[in-house]
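K.L.:
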């Protein structure tokens, strides 16, 4: 758990730095990976671990929503869409020729910050 959480915090710090320095595509990309790694940390804390990496992004999104939100109610329900939203924004930032805007980057960063705060509260409660 500590490694995933540390990676989540590192990615969030890089996202914040990138946003502050107007690297909006990187801010979006790192925001997604911060949230993904936070989700992995919480999933690991409740006994779930990915067994393969081929479809890990899909596995994390679906397992996190099912286990951490709907079944166990570990984090607020409105966070159920954050991973998929950030994933979609990351694809735009990483794979489309048009750069993402400051507004999009700010939204992604705020979503990631809120997501990590919710996961951290739950991890500290354990």
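Numbering (our numbering), first residue to last: 66 to 191. Every residue gets a Cβ at the ideal spot worked out from N, C-alpha and C, and that includes glycine. Here the structure is a predicted model, which is why all the values come from computation and not from measurement.
(1) Decide if the segment 73-83 is in contact with the segment 148-158; the criterion is three or more beta carbon pairs, one per stretch, under 8 Å apart.
(2) For the alpha helix (DSSP H) that contains residue 90, what are its first and last residues?
(3) Quick check for students: name the residue ranges of the beta strand (DSSP E) that lie wholly in the segment 126-191, counting only runs of 3 or more.
(4) How should residue 102 be labelled, buried or exposed, when 16 other C-beta atoms within 10 angstroms of its C-beta is the threshold for buried?
(5) Taking buried to mean at least 16 other C-beta atoms within 10 Å of its own C-beta, is residue 190 buried or exposed?
(6) Let me check understanding here. Comparing Cα to Cα, which of 166, 124 and 161 lies closest to residue 148?
(7) Tell me whether residue 186 is buried or exposed, calling it buried when 16 or more other Cβ atoms sit within 10 Å of its Cβ.
(8) Spatial neighbours of residue 98 within its chain, please: C-beta separation below 6 Å, excluding the five flanking residues on both sides.
(9) Closest to residue 110 by C-alpha separation, out of 117, 142 and 132, would be which residue?
(10) Which residue from 100, 152, 137 and 139 puts its Cα closest to that of residue 72?
P.N.:
Reading from the atomic positions:
(1) no
(2) Against the chain shown, residue 90 aligns to sequence position 25. 89-110 is the span of the alpha helix (DSSP H), which, as asked, contains residue 90.
(3) none
(4) Against the chain shown, residue 102 aligns to sequence position 37. Buried is the label assigned to residue 102, since at least 16 other Cβ atoms lie within 10 Å of its Cβ.
(5) If you number the chain shown from 1, residue 190 lands on position 125. Counting Cβ neighbours within 10 Å, residue 190 comes out exposed, since fewer than 16 surround it.
(6) For the purposes of this step, residue 148 is taken as the residue at position 83 of the chain shown. Nearest C-alpha to residue 148: 124.
(7) The residue given as residue 186 occupies position 121 in the chain shown. Counting the other CB atoms within 10 Å of its CB gives residue 186 a total below 16, which places it among the exposed residues.
(8) For the purposes of this step, residue 98 is taken as residue 33 along the chain shown, with counting starting at 1. Cβ within range, chain order: 76.
(9) To locate residue 110, count along the chain shown from 1; it is residue 45. Cα-wise, what sits closest to residue 110 is 132.
(10) Mapped onto the chain shown, residue 72 falls at position 7. Looking at the Cα atoms, 100 is the closest of the given residues.
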